[in-house]
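Quick notes on the structure that follows.
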Amino acid sequence: MLYIFISIALIVLTFIIVLVKKKAIFSKNVQLETQDFDPLSIDINQIDKMEDGSEFEMYLYRLFLALGYSGVYKTVGSRDFGADLVFNDRSGTRNVIQAKRYSENNPIGISAIQEVYSSMRFYKAKKSIVIGTSSFTTSCETLAGINHVKLLDRQDLIEIIALFKQGNLSKVKDIIEGEPRLILDSWSEYNDHNREIKKDKKAEILLRSN
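Taking the numbering used here, the leading residue of the sequence shown gets 7, the next gets one more, and so forth.
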């Protein structure tokens, strides 16, 4: 009899624990979905206080909807294949966006370019953008320039927020859709087969020493 009572108590306790966990997960999801991400009420200081990158993605999602872009949607949090948002610009061209909410003194590295550029074919996009809350490393800017990836850093974001709140949506779109800074003038530069981009000199020395 005691064994049966203990078994029932354990079952009930397990059931209560499962219910509590589900409630906690549900509450967290509801908070994320219902939290006010109205771009008119958010500035850079509030973005800096966001708990994680998903909140920044939600803010940008609301912002791009408010700008009147077509085809705007937020990708699934996991397995997003390198893009956080997708939208069609004023010319009808599909763009993918990688959102990076970093601290102001933590520059965004090269992986952001690798992720968003490689996502373009999956989302059938022709342009890619990285929007960050800090600056970009030199290598990040170089790879972006070579691959025609648009970079919008903290100062760009601050300007976008200010213009949006002023109602100057056309100027905001001009910033977002502006041509990225190119490192190479033309792909024809790759026709020079003797052009050496970067070589590991140490590897060559090691090979000759063997």
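C-beta atoms are modelled at their ideal positions from N, C-alpha and C, and glycine is treated no differently.
Taking C-beta atoms as the reference points, K156 and S124 fail to come closer than 8 Å. In the structure shown, Q161 falls within a helical segment according to DSSP collapsed to helix, strand and coil. Boundaries for A131: no beta strand (DSSP E) harbours it, and the DSSP string shows neither H nor E there. In this structure, I181 keeps its C-beta atom at 8 Å or more from the C-beta atom of F142. Secondary-structure assignment with DSSP links R100 through a beta bridge to N94.
Going by beta carbons, R107 and F62 fall inside the 8 Å limit. Assigned with DSSP and collapsed to three states, S47 falls in helix. Put simply, the backbone Cα of Q120 is about 34 Å away from that of Q172. Counted as a single uninterrupted DSSP element, the beta strand (DSSP E) harbouring S76 occupies residues S76 to K80. C-alpha of S215 to C-alpha of K205: approximately 17 Å in a straight line.
About 20 Å separates the beta carbon of V178 from that of A131, a gap too long to meet the 8 Å contact definition.
With contacts defined as CB atoms closer than 8 Å, P186 and G151 qualify as a contacting pair. Counting along the chain, K55 sits inside no alpha helix (DSSP H), nor does DSSP assign it H or E at all.
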